[in-house]
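Below you'll find the structure, written out as structure tokens, and then a few comments.
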Amino acid sequence: MMNEMPLSIYTGQIFKPFAWKANFDMEFSSECMYCDSNKNLKGYVVEDETGDSVRVAICPVCQKINARY
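Numbering follows this note's numbering, with no gaps: position 57 of the sequence shown is 127.
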């Protein structure tokens, strides 16, 4: 079970995959709310160095975090 506030990942931040472990989780049928890209958002399970994890939806074009789910 995930913690209520596991990581300090906020929407609008640029996703930096080199800073965390990230595993592809799912694809969303929604589009980016930041860059007008028509590509579908990609969902990842992200884990920090302490083992806390969160699920985030990332735009494959601008790499911004659109949501936590």
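Even for Gly, the Cβ is constructed at its ideal location relative to N, Cα and C.
- By the Cβ neighbour-count rule, residue 135 is buried, with 16 or more other Cβ atoms within 10 Å of its own.
- Within the region 79-111, the runs of beta strand (DSSP E) at least 3 residues long that lie entirely inside it are, in chain order, 91-101.
- When DSSP states are grouped into helix, strand and coil, residue 131 belongs to the coil group.
- Here DSSP, grouped into helix, strand and coil, assigns residue 113 to strand.
- With 16 or more other Cβ atoms from the protein chains shown falling within 10 Å of its own Cβ, residue 128 counts as buried.
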